[in-house]
Structure formats: structure tokens, C-alpha cells
Amino acid sequence: MRNRYIDLIKQTYYFPQDGFNVVDNYLQFHNINLKELIDEYGTPLKISYLPKIANNIERARKWFHDAFENVGYNGNYHYCYCTKSSHFSFVMEEVLRNGAHLETSSGYDIDLIRHLHQKGLINKKIRVICNGYKPKNYIEKIKKLIHDGFKNVIPVMDNMDELSSYLDIGNDEIGFGLRIATEEEPNYQFYTSRLGIRYEDIIPFYVEKIKPNPQFHLRMLHFFIDSGIKDTAYYWNELMKCLNVYAELKKLSPGLAAINIGGGLPIRTSLGNRFDYAYVIEEVVTKIANFCDEAGVEHPNIYTEFGNFTVGESGAVIFEVIGEKKQNDSELWYMIDGSLMTTLPDVWGMNQRFILLPINNWHHEYHRTNIGGLSCDVGDYYNSEVDINQVYMPKTDGTESQYIGFFHTGAYQDSISGYGGTKHCLIPAPKHLVISTNDLGETKHELFADQQQPDEMLRILGYK
Ligand SMILES: Cc1ncc(COP(=O)(O)O)c(C=O)c1O
Numbered sequence: 074m075r076n077r078y079i080d081l082i083k084q085t086y087y088f089p090q091d092g093f094n095v096v097d098n099y100l101q102f103h104n105i106n107l108k109e110l111i112d113e114y115g116t117p118l119k120i121s122y123l124p125k126i127a128n129n130i131e132r133a134r135k136w137f138h139d140a141f142e143n144v145g146y147n148g149n150y151h152y153c154y155c156t157k158s159s160h161f162s163f164v165m166e167e168v169l170r171n172g173a174h175l176e177t178s179s180g181y182d183i184d185l186i187r188h189l190h191q192k193g194l195i196n197k198k199i200r201v202i203c204n205g206y207k208p209k210n211y212i213e214k215i216k217k218l219i220h221d222g223f224k225n226v227i228p229v230m231d232n233m234d235e236l237s238s239y240l241d242i243g244n245d246e247i248g249f250g251l252r253i254a255t256e257e258e259p260n261y262q263f264y265t266s267r268l269g270i271r272y273e274d275i276i277p278f279y280v281e282k283i284k285p286n287p288q289f290h291l292r293m294l295h296f297f298i299d300s301g302i303k304d305t306a307y308y309w310n311e312l313m314k315c316l317n318v319y320a321e322l323k324k325l326s327p328g329l330a331a332i333n334i335g336g337g338l339p340i341r342t343s344l345g346n347r348f349d350y351a352y353v354i355e356e357v358v359t360k361i362a363n364f365c366d367e368a369g370v371e372h373p374n375i376y377t378e379f380g381n382f383t384v385g386e387s388g389a390v391i392f393e394v395i396g397e398k399k400q401n402d403s404e405l406w407y408m409i410d411g412s413l414m415t416t417l418p419d420v421w422g423m424n425q426r427f428i429l430l431p432i433n434n435w436h437h438e439y440h441r442t443n444i445g446g447l448s449c450d451v452g453d454y455y456n457s458e459v460d461i462n463q464v465y466m467p468k469t470d471g472t473e474s475q476y477i478g479f480f481h482t483g484a485y486q487d488s489i490s491g492y493g494g495t496k497h498c499l500i501p502a503p504k505h506l507v508i509s510t511n512d513l514g515e516t517k518h519e520l521f522a523d524q525q526q527p528d529e530m531l532r533i534l535g536y537k
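All letters in the sequence shown, in the order written, are residues 74 to 537 by the working numbering.
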């Protein structure tokens, strides 16, 4: 028989592959037997697998290191973690254990940094890149952080008005970054990003407002393409425009020594993803090196702020199929014990795809299904994968419940859905399990949060 689910996967993709394997017809995620976790903790179950965070930080560092060697690059590479992709303490601690620096987007991030410092998890030399359009309280907290001796805090100016808020810094000195407002991809609703300063304003702004102030120093040029780092003419074109500005600025401002290419390194959202990380990163490094050599300026230090890449592949959510509905001759629904809208809001909000696989019944025949969430909303569904625009699942035979997992869901989903708050149709947040390894490489599970309880919801809603 060649129409089993496992045959479909093996014929469509290279399988097994990094992080995914099937043993005795049960799916393993990084060699973890997911069925055992389901038996112990139940569903719906959210998993954070921390070793993947360390692994991805290491991989990125290696790609840059290798590219630097191959290209003969003279600058340094600094890996920063974009905190907004997941603020959980266990994520931050893992990131910091792996020597990453931080990128912030709000004043509350600065409180978080202070807390980490009090706990002794960071020292005042940590590099903190402060991005975003900054309300007053964010700027005040940044200034205080600098005043308190955090030596490598770089506020990246989002707009020219921001500068005036730093005029009252007493005797302190500030190293700034300037964010370039990049052009958006042609299919976007806007021509130019709302974040950052227009290309043509950057040089006059530096000359008129930053250079004359002896307490202000320009340290970094920041450039972030929202659609990510990709081998496309659009991406290389934007990078070149940024390098043009960098070279011009560097001649005026010798203290400028860093270029920050932001986040946007993709993750696997399908078993078929074949992004050539080493190649693309070497291309980025080569282009920066060649441009600077021709312009006669030193190679800048390169900063990245990978959020999704750091934490995305560490996450998974597992549901049980609690019922099947056939609504016409061709549409079959697998109804799950949770909501896609509230657990994985990017599925609903931006048509984001994740790796979706059954946990069991890999030896069963497969058929086409739609995955239906528990909320009453028409948008609470998942029915297409990156490569095939359809979802296939094993047929069930009533002997064992069907479980399914969405993988690589570790970035942004919790912050966007409002972790722990009340959700659409009062669907409770799932149990949350954190998996780590100790120094001996042994796996440890810790229940970080139980499934949300009715009392908690009633309290939030003012009934208690
Ligand atoms: C300035 C900045 N840096 C980094 C990131 C992280 O991007 P990603 O999660 O795609 O790596 C973002 C995300 O929006 C961002 O706005």
C-alpha cells in the first residue's frame, strides 16, 4: 500500500529531516516522543523547546563567521535578539546564556532589561539597540539606562523629531543609530515604510543636528526590510541604497562603524523549505565588503536583530481532533480542541503558514481535510500548506484519537494573542510546557502554565 500518510510525506519531502522524525508511526520533535507528552499533559498543549534557540543562534553566528572568512571581512558580527518576538523569561534567559545582545521596541522592554540586570543575567556592557517610534516614557527610560552606566545602549532614531528629547542628558553622551525608511515591496499598501527617516533626509539631518552636538555620536545605520532577507532583486537593491548612505555618512562621521540589517531571517514554515542561509548571508557580507572597498571606507561591524529566527522554530502547539464534520460531498472538517485564531493569530491575521503534521496514525491512509477551530468565527480555520494549498491528514478509524501539531510557532503568536488574557469565545489558553536540556544533555520538562481556568477569566472580566 502506497497511500499511507507516511508515504505522502516521504514522496513529497526529504523526510526525516532536522527536528522531525517518525518512530513506530508516532511523530517525534527533536527526538521527543510527542505522544508521551500528550498522554502526560493532555491537549491543547503549547511546547517551547529551548535547545533550538541556542542551536539557531549558533548557526547564524557560524554563517556570518564563515562568510567573513571567505570574503576577508574586517568587521565584527553582533547577534542581537529582537525581544518582541517572545518576551518569556525562559526565552530571554536562553538567549542571554548564548551571548546574544538585545533589541528593544518599548519602554517596558527597558524595565525587563533592568530586571535581568538585577538578577545578574546581564552586565552593563550588553549592547541594547532601542528601536521603534518612541513615546516619552520609552525615551526617558533609555536616557536613564545610559545615565546609569549601560555603556552600549544605542537609541535608533525613528524620526528627526526624536532627537530633541535627548537634549537634556546633562553630562552624558549618546551613541545614536539612524533608521532608514526603506521602500516597501511593490505588493504592499504603501510605497515607503512608516518607520525610519527618508533616505534624502539622513545626511542633512546628521550634518545639521547631530554633528554639531559634542555629546551626540553617530554609531549605527539601521536598515530593516519588513518582508525579510531574501535573494531577490528588491532586497539587494534596498541594501545597495543603504550602503550608499552608509559610505557617504562614514566619510562625514568617522565614529560610525556599524550597519544593522535588522531581522527577517526566515524559518522553516514547510518541510519543503530550502532557504540557502549560508549563501544568502555570504551574499550580504560580500555586497557590504565590495561596496565599502570601492567607496574606500572600512568594513562596518554588522548587527542583526533576528526574532523569528531565534525563537520561532522552538515552538509547537498540539491539538486533539475532537470530531469530524462532512459539510458537503467534498469538504471534510477536523474539529480541534482549541482555536487557531486565538492560539496562532498570524494564521488568521496574515495568512501565515506553519508546519502542520499529525502526531499519530502515520500508517493510515490520508485524505484532504480542513482544520476547524473552536470559535464561532468563519475565519478560524487552516486549510492550506505552503507548497500544496491543501491539508492532508490520516484517516481515522476510531481506535485512537487523532492528534495534530503546528510547528515552528514560537515567535510573535503569544504576544499578538495576548498571553493569558481572555480570548475569543472564552476559549482558554492551552497548557504550556517548557523543555530544556541540562549540562549532561538530559531533557527536562517543566509545566510553565496550566490551561487557563474559568476563575481567572471571570476575574479579568470583572466578575470577581
Ligand atoms: C526593527 C526590527 N528589527 C527586527 C525585527 C525582527 O524581525 P524577525 O522576527 O523577522 O527576525 C523586527 C520585526 O518586526 C523589527 O521591526
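We treat Cβ as the ideally placed atom computed from N, Cα and C, and that holds for glycine. Note that the structure is predicted; figures quoted are calculated from it, not measured.
Our two residues, I126 and F161, have alpha carbons roughly 13 Å apart in a direct line.
For C315, the distance from the CB to the nearest heavy atom of ligand 1 is not below 6 Å. Comparing alpha-carbon positions, the option among F348, G172, N76 and E281 lying closest to R134 turns out to be G172. Proximity of the beta carbon of C365 to ligand 1 is not indicated: no heavy atom of the ligand is located closer than 6 Å. Short of 7 Å from the beta carbon of H436, and not among the five residues preceding or following it, lie these beta carbons of its own chain, in chain order: R77, I79 and N98. Three or more Cβ pairs closer than 8 Å define a contact, and the region 430 to 450 falls short of that threshold against the region 359 to 366. Following the DSSP letters along the chain, one finds F223 in no beta strand (DSSP E), marked with neither H nor E. Under the three-state reduction of DSSP, H174 is assigned to strand. Here the region 114 to 133 lies against the region 385 to 403, with 3 or more beta-carbon pairs under 8 Å apart. For F102, the enclosing beta strand (DSSP E) begins and ends at Y99 to F102. In the structure shown, the three-state DSSP call for C315 is helix. Between the beta-carbon of L118 and that of I391 there is about 5 Å, and that keeps the pair under the 8 Å contact cut.
The C-alpha of P467 lies about 47 Å from the C-alpha of C203.
Secondary structure at G250: strand, using DSSP grouped into helix, strand and coil. Fully contained in the region 190 to 224 are the following alpha helix (DSSP H) runs of length 4 or more, in chain order: 209 to 220. With respect to the C-alpha of M530, the residue from H497, N511, D512 and H518 having the closest C-alpha is H497. The three-state reading of DSSP puts R347 in coil, since its state is none of H, G, I, E or B. A residue is called buried once 16 or more other Cβ atoms fall within 10 Å of its Cβ, and A306, having fewer, is exposed. N128 carries a helical assignment under DSSP once its states are collapsed to helix, strand and coil. Contact check for E378 against E176 passes: the beta carbons are separated by less than 7 Å.
In the same chain as M293, and ignoring 5 residues on each side of it, the C-beta atoms closer than 6 Å to its own belong to I227, G250, A331 and N333, in chain order. Judged by the Cβ position, N147 fails to qualify as a neighbour of ligand 1 at the 6 Å threshold, every heavy atom of the ligand being at least this far. When DSSP assignments are scanned along the region 392 to 431, the uninterrupted stretches of beta strand (DSSP E) that are 3 or more residues long and fall wholly within it turn out to be 405 to 409 and 428 to 431.
In the same chain as G483, and ignoring 5 residues on each side of it, the C-beta atoms closer than 7 Å to its own belong to S121, S159, V384, G385, E386, S387 and G388, in chain order. The closest CA to that of N106, considering only S488, N433 and Y407, is found on N433.
Between ligand 1 and the CB of S266, the shortest heavy atom gap is not smaller than 6 Å.
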